[in-house]
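Q: 71 is the number of the first residue of the sequence shown in the working numbering; add one for each residue after it. Just so you know, even glycine gets a beta-carbon here, dropped at the ideal spot from N, CA and C. From a predicted model like this one, the values you see are computed outputs, not experimental measurements.
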Amino acid sequence: MKKLTILILLFTSFVFSQNNSSKYNSKDSIAGGKIDNIKPANDLGKDRLPTFAKCKGTSSIEEQRNCFSKVISSTISKNLRINKFKGQNKNIDIFVKIELHKTGRITNIEFLKSNDESGYFENEVIRAINSLPKFEPGIKDGKLVSVPYSFPIKLSLK
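In structure tokens, the structure reads:
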């Protein structure tokens, strides 16, 4: 019985010692309508990352990621309707996770963190994300794959 108790204690200590840190980077944000440094939630070693038609001419993975991020940030920034809230001296922080589905569409929009008490800005983010153009899905080992993608959005309503 003592061995079983020790084994359980050891197991639970290993479980709680796992690195649970978020991939949130304070540089990643929409501040004044700009998103910077968006990255896949986890780099799954794709043979080809998901890409928008505008990004087809890029040669390196880094250029592909940067172009993909720019398309996402410009589309979301352009489509967020927040002007009527300007001047409220409020900051809204939303951390979003989406799935870049193997069909070329965005699915499973989740809010991992949010201080949007009204829910208005989360709905605006969903609407803006749904306005993203269709993309070419990622490929792994010759098969189309879905890829999780996470990014923060910081809205400064000053």
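Do Leu119 and Ala198 count as a contact pair if the criterion is CB distance below 9 Å?
A: In this structure, Leu119 does not lie closer than 9 Å to Ala198 by Cβ.
Q: Using only the alpha-carbon positions, how far apart do Ile142 and Phe191 sit?
A: Roughly 17 Å between the two C-alpha positions.
Q: Pair every Cβ in the stretch 217-226 with every Cβ in the stretch 155-168, then say whether three or more of these pairs are closer than 8 Å.
A: The stretch 217-226, when compared against the stretch 155-168, does touch it at the 8 Å Cβ threshold.
Q: For Lys229 and Ser147, I'd like the C-alpha separation in whole angstroms.
A: Because the chain spans 71 through 228 in this model, residue 229 falls outside it and cannot be assessed.
Q: Hey, Thr121 and Gln134 are a contact pair by Cβ (cut 8 Å); roughly how many whole angstroms apart?
A: About 6 Å separates the two Cβ atoms, so the contact holds.
Q: If I'm right that Ile209 touches Val215 with Cβ under 8 Å, what's the distance once you round it to whole angstroms?
A: Confirmed, about 7 Å.
Q: In this structure, how does DSSP classify Asn153 when only helix, strand and coil are distinguished?
A: Reduced to three states, the DSSP call for Asn153 is helix.
Q: Could you give the DSSP three-state label for Glu132: helix, strand or coil?
A: Helix at Glu132.
Q: Which same chain residues, not among the five before or five after Gly157, have their C-beta less than 8 Å away from its C-beta?
A: Within the same chain, Gly157 has close Cβ partners Leu227 and Lys228.
Q: Just to confirm, are Asn193 and Ile176 a CB contact at a threshold of 9 Å?
A: No. Outside cutoff.
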